[in-house]
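Student: Under my numbering, the first residue of the first sequence carries the number 49, and numbering increases by one thereafter.
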Amino acid sequence: MGALRRSHAAASITVASVGEEVVLAGWVQRRRDHGGVIFVDLRDRGGLVQIVFKPDTSPECHERASGLRAEYVILVRGRVQRRSDETVNPKLPTGEVEVLVDEVRVLNRATPPPFAIEDDPDVDESVRMRHRVHDLRRAPLQKALRLRHRLFQAVRASLSDQGFLEIETPMLTRSTPEGARDFLVPSRLQPGSFYALPQSPQIMKQLLMVAGFDRYFQIARCFRDEDQRADRQLEFTQVDLEMAFVGVEEVLACLEELTVRACAESAGIEFPRPFPRISYAEAMARFGSDRPDTRIQLELVDLTDAFERSDFRAFRGVVDSGGIVKCLPIHDAEALSRGQIDRLEAMVKKELGGKGLAWIRVDGNGDWQSPIAKFLSEAERGAIAKRCEARPGSLLFFQADDATRANAILSRLRVDLGRRLGRVDGRDHELLFVVDFPLFEAAEGGELTYVHQPFVAPHEEDLALLDSDPARVRGTHYDVVMDGVELGSGSLRNHRADVQRRIFDVMGYGRKQTEERFGFLLNALESGAPPHGGFAFGLDRWVMVLAGAESLREVIAFPKTQRGQDLLLEAPSEAEDLQLEELSLRVRRPAQ
RNA sequence: GGGACGGUAGUUCAACUGGUUAGAGCACUGGCCUGUCACGCCAGAAGUUGCGGGUUCGAGUCCCGUCCGUCCCGCCA
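1) Starting from Gly387, follow the alpha helix (DSSP H) in both directions and report where the run begins and ends.
2) Tell me the rounded alpha-carbon separation between Arg468 and Val76.
3) Can you tell me whether Gln640 is buried or exposed, with buried defined as 16 or more other CB within 10 angstroms of its CB?
4) Looking at Glu428: is its Cβ nearer than 8 Å to the Cβ of Phe355?
5) The beta strand (DSSP E) spanning Gln201 covers which residue range?
6) When the Cα atoms are used, what is the spatial distance from Gly596 to Phe231?
7) Helix or strand or just coil, what does DSSP make of Ile215?
8) For the stretch 387 to 460, list the alpha helix (DSSP H) runs that are entirely contained and at least 4 residues long, ordered along the chain.
9) What are the complete alpha helix (DSSP H) segments, minimum 4 residues, inside the stretch 118 to 200?
10) Let me confirm a value: Asn413 is counted as buried when at least 16 other C-beta atoms fall within 10 Å, else exposed. Which label applies?
11) Cα separation between Arg339 and Pro502?
12) What would DSSP say about Gln627, mapped onto helix, strand or coil?
13) Unbroken beta strand (DSSP E) runs of length 3 or more, entirely within the stretch 265 to 335: which are they?
14) So Arg272 and Gln247 are supposed to be a Cβ contact under 8 Å. How far apart are they, rounded?
15) Tell me, please, which residues DSSP counts as bridged to Glu69.
16) For Phe284, count neighbouring Cβ atoms within 10 angstroms of its own Cβ and tell me buried if that reaches 16, exposed if not.
17) By the 10 Å Cβ neighbour count, where 16 or more other Cβ atoms means buried, how is Pro607 classified, buried or exposed?
18) List the endpoints of the continuous beta strand (DSSP E) containing Ala360.
19) Evaluate Val366 with the Cβ neighbour count: other Cβ atoms within 10 Å of its Cβ, from every protein chain shown; 16 or more gives buried, anything less gives exposed.
20) So, helix, strand or coil for Leu469, using DSSP?
21) Please classify Arg78: does DSSP put it in a helix, a strand, or coil?
22) For Arg185 versus Val603, is the C-beta spacing smaller than 8 Å?
23) For the alpha helix (DSSP H) that contains Arg559, what are its first and last residues?
24) Decide if Glu624 is buried, meaning its Cβ has at least 16 other Cβ atoms within 10 Å, or exposed.
25) Run through DSSP, which three-state label would Gln98 get?
26) Using only alpha-carbon positions, find the residue among Ser632, Pro320, Arg439, Cys436 that is nearest to Leu479.
27) Tell me the rounded alpha-carbon separation between Ala406 and Gly470.
28) Considering only C-alpha positions, which residue in the set Ser385, Leu306, Arg127 is nearest to Leu199?
29) Find out if the Cβ-Cβ distance for the pair Pro518, Phe488 is shorter than 8 Å.
30) How far does the alpha helix (DSSP H) with Ser516 in it reach, from first residue to last?
31) With distances taken between CB atoms, is the gap from Arg263 to Ala244 smaller than 8 Å?
32) Helix or strand or just coil, what does DSSP make of Met530?
33) Verify whether the separation of the beta carbon atoms of Ala310 and Glu318 is less than 8 Å.
34) Check whether the stretch 611 to 622 touches the stretch 200 to 207, taking contact to mean three or more Cβ pairs, one atom from each stretch, closer than 8 Å.
35) So Leu303 packs on Val528, CB below 8 Å; how close in whole Å?
36) Residue range of the alpha helix (DSSP H) that Phe641 falls in?
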C-alpha cells in the first residue's frame, strides 16, 4: 500500500467535496474503457463512485487503468470534480461527481468473479453459497449484516439500560432428551461420553435466577439438529433473557420496551404501544394460526356445528370423528379463475396433505357455482351464506379435517391469497403478543405432553386443574409475533419444585426418570428459587423480517444449505483416523 | 422419512418425435474506440450435458439408481 491511506468512503463523495483531493480504496465494480478516457466504478463497503482516468492527465495511470479488471483491489488518489450536466448519473447517489485520478495502485488482482456483484444477480443459490465471499460483497447482504449489527447493539443497549446483566453460558453442555435432536460432541477425556451443544440456554438461565442474578440476558448461539426450512437453520442466534420477581405483565412490558427501541434504532420502524394482545384460542379461531399476520384482512369462519347432523358425508364424517369444518370467505374474488382454484386444490392435496379443497363461488346472479353445493341442505346453505356473509362475487374455501390440519391449510391459503389479492391494511409492520396458550396437548399415544417446554408455569388460578383436568390448564406462555413470523416466545417458569414435579407426572415421566434427568434443576428450585420468567427472540428471524428477506440465508453471513452443508468450507467433513482414535470413536460407513 | 421443482460453457438459458461437429446472451481473452455509467464495435477461446448403469445402430433427450440445490409435509418452537 505504501504510505497512501484511504481518506474517504466512496459514498461520502458529494458535491460538497468538489475540488478536494481524496484517497479511495476498494474494488473495481466495472471498467468502461473508451480507448481514451477510462471510467471505473469503485466500490467499497458503503457505496460506489465513478473514478476517471485520462491519458492527458496521467498517462501512467491511464496505462495502468486499462489493465484493471472486475474485483481488482485498488487504491487511488485524485481530485473530486463535478460532472458536466449531460454526464450526471441520476441512478447513483454519487452521480453528480467523479474523481479524476492521478495516482493508482493495484493492491491485488482478482480472478474473474463467478457472477456479477450486483443487487439482484441471476444465479443459482448454490453458486452464491459456494462463492459466498463474492455474494457477501453484494449490497443487499452488506445492508442486511449492517442491520443485524445495529439490532444487536440496540438489543444490548436496551437490556443493559433495563438492568440486565450479560452472562455467558456453556456451549459444551449436557444432552436432555426433550425437544429437538441434539448435536453431540465426543469427549476425549471421558471416552464414550458426549457433550451436547445447547438447544437454548433455558435451564442455565433459570439456574442464574436461582443464583440471584435477577435480570440476565445473552446473545446466544443455539443448535438443533432438525431438518431445515427457509426460516430454520441448524445453528441460530437467540436473544435470551430472564428476570426474577416478576409476573407476566412485567415481562411483556420489558419486551415492548426492548422491541420498540430495537426496531426503531436498527430499522427506523416505530410501533404504537401497548402491543395488541390476542389469545391463542382467538388466533386459531380467526386466523387458523398461532402467529397470525392480522394485517391481512381475511378471517376464517367456523361451521362445524352446522354440519353436526348433515347428510353431506364428507363433512359429517369429519365432524363425527372430532374434526372441524371451517371456511375462508373471500369477497370480490372474481380475479381468481377456475384454473387458479384448481391449482390451489392441487397444492392443498400435494403439499399440505389436505383431502381436497371444497369451494363455492357466488356468481353475479347470486347463484352458487360449486362442486359441493348440490350436497348441501337448505339449512346448511343458509348457515354458510349468513356466517360467511356471502354475496355475489364471494368465493368460499372449505376445509373439513382435524383441527390442526384444517387450520394449517386455511391459514396458508389466507396468507397466500391475502397477499396475492392485496387484502392488506396499510401498515408496513405489525407487532403483537399471543397469550394464554394451553399448557398441555395430546400426544400421539393420547398422553399429554407440553406444548412448548416442560418448565412453563401454569396460570395461578388453573393450578387446581392440574389434578382434575390437566388438559384445560392454561400456561403463562406468550409469543411475540411480527408480520406473521414468530419472533420468539417465553413464559413464567415453575419456581416451585412441587408444581414442576406434578407437571412431569402429568406427562407420564416416572419419578426415577425425572430425578435422573432433572434432579439438578429440582434441587436448585428447592434451594430457594425466586419466581421468574423470561423470553427468547430468534434474532436471525427478527433481522429477516426487518430486512424483508425471504430466507434466513439472506441475513446470516455463512449459512448452511437445507442438507446442513456449508458449501464454502465443505463442512461437515470426514474426520482423520487419528482424531477418531483420540475420541475413542469408530465410524460405521453405510454399506456400498 | 415423504412430496414438488430444478441440475447442459464461469454464469443464465436453448437444443422438436432419440439423429451431423451441443447453440445463444452475459462474463472471459485479443483488437479498435476520449464522456461512459448494463458503454459500443470486431474477432476468439470456452462443455466429463451432476454422477453411475441400462435400452438403442445412435442418448443432453428414454428407463433405473444415485448425488446436489430450493420450497413444502413430517420433524422442530
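Every residue gets a Cβ at the ideal spot worked out from N, C-alpha and C, and that includes glycine.
Tutor: Looking at the atomic coordinates:
1) Position 339 of the first sequence, counting from 1, holds the residue named residue 387. Counting along the chain, the alpha helix (DSSP H) containing Gly387 begins and ends at 386 to 398.
2) Taking the first sequence and counting its residues from 1, the one referred to as residue 468 is at position 420. Taking the first sequence and counting its residues from 1, the one referred to as residue 76 is at position 28. Their Cα atoms are separated by approximately 40 Å.
3) As a working mapping, residue 640 is identified with position 592 in the first sequence. Because Gln640 sits at a pLDDT of 37, beneath the cut-off of 50, its placement in the model cannot be relied upon, and the following sentence gives the value as read from the coordinates. When all chains shown are included, Gln640 counts as exposed.
4) Position 380 of the first sequence, counted from the start, is the residue given in the question as residue 428. Position 307 of the first sequence, counted from the start, is the residue given in the question as residue 355. Cβ distance < 8 Å, so Glu428 and Phe355 count as in contact.
5) Here residue 201 refers to the residue found at position 153 when the first sequence is read from its first residue. Unbroken run through Gln201 is the alpha helix (DSSP H), 187 to 209; no beta strand (DSSP E).
6) To locate residue 596, count along the first sequence from 1; it is residue 548. To locate residue 231, count along the first sequence from 1; it is residue 183. Near 30 Å, if we compare the C-alpha coordinates of Phe231 and Gly596.
7) As a working mapping, residue 215 is identified with position 167 in the first sequence. Correct three-state label for Ile215: coil.
8) 426 to 435
9) 173 to 178, 180 to 184
10) Within the first sequence, numbered from 1, the residue matching residue 413 stands at position 365. By the neighbour-count rule (16 or more Cβ atoms within 10 Å), Asn413 is not buried but exposed.
11) The residue given as residue 339 occupies position 291 in the first sequence. The residue given as residue 502 occupies position 454 in the first sequence. Answer to the nearest angstrom: the Cα atoms are 21 Å apart.
12) For the purposes of this step, residue 627 is taken as the residue at position 579 of the first sequence. Three-state result, Gln627: helix.
13) 283 to 292, 325 to 327
14) The residue labelled residue 272 in the question sits at position 224 within the first sequence. The residue labelled residue 247 in the question sits at position 199 within the first sequence. That belief holds up - the Cβ atoms of Arg272 and Gln247 are roughly 5 Å apart, short of 8 Å.
15) Within the first sequence, the letter at position 21 stands for residue 69. Arg127.
16) Position 236 of the first sequence holds residue 284. Under this definition Phe284 is a buried residue.
17) Residue numbering aside, residue 607 sits at position 559 when the first sequence is read from its first letter. When all chains shown are included, Pro607 counts as buried.
18) As a working mapping, residue 360 is identified with position 312 in the first sequence. The amino acid at residue 360 is misidentified as Ala; the sequence shows Phe. First-last for Phe360: undefined, no H or E at that position.
19) Taking the first sequence and counting its residues from 1, one reaches residue 366 at position 318. Burial call: buried.
20) In the first sequence, counting from the first residue as 1, residue 469 sits at position 421. In this structure, Leu469 counts as coil in the three-state DSSP scheme.
21) Here residue 78 corresponds to residue number 30 of the first sequence, with the count starting at 1. In this structure, Arg78 counts as strand in the three-state DSSP scheme.
22) Walking along the first sequence from the start, residue 185 turns up at place 137. Walking along the first sequence from the start, residue 603 turns up at place 555. Taking 8 Å as the Cβ cut-off, Arg185 and Val603 do not qualify as a contacting pair.
23) Residue mapping note: residue 559 aligns to position 511 of the first sequence, counting from 1. Per DSSP, Arg559 belongs to the alpha helix (DSSP H) from 559 to 574.
24) What you label residue 624 is simply residue 576 of the first sequence in a count that begins at 1. Flag for Glu624 reads exposed.
25) Working through the first sequence from its first residue, we reach residue 98 at position 50. Correct three-state label for Gln98: strand.
26) Stepping through the first sequence from its first residue, residue 479 is reached at position 431. When only C-alpha atoms are compared, the closest one is Pro320.
27) Counted from its first residue, the first sequence places residue 406 at position 358. Counted from its first residue, the first sequence places residue 470 at position 422. Computed Cα separation, rounded: 23 Å.
28) Indexing the first sequence from 1 puts residue 199 at position 151. Ranking Ser385, Leu306, Arg127 by Cα distance to Leu199 puts Leu306 first.
29) Counting from one through the first sequence, the residue named residue 518 turns up at place 470. Counting from one through the first sequence, the residue named residue 488 turns up at place 440. Yes, they are a contact pair.
30) For this step, residue 516 is matched to residue 468 along the first sequence. It spans 513 to 516 - the alpha helix (DSSP H) in which Ser516 sits, taken as one unbroken run.
31) Taking the first residue of the first sequence as position 1, residue 263 is located at position 215. Taking the first residue of the first sequence as position 1, residue 244 is located at position 196. Taking 8 Å as the Cβ cut-off, Arg263 and Ala244 do not qualify as a contacting pair.
32) Working through the first sequence from its first residue, we reach residue 530 at position 482. Three-state DSSP puts Met530 in a strand.
33) Position 262 of the first sequence, counted from the start, is the residue given in the question as residue 310. Position 270 of the first sequence, counted from the start, is the residue given in the question as residue 318. No, the Cβ-Cβ distance between Ala310 and Glu318 is not below 8 Å.
34) no
35) For this step, residue 303 is matched to residue 255 along the first sequence. For this step, residue 528 is matched to residue 480 along the first sequence. Rounded, the Cβ-Cβ distance is 6 Å, consistent with contact.
36) The structure shown does not extend to residue 641, since the chain spans only 49 to 640, so no value can be given for it.
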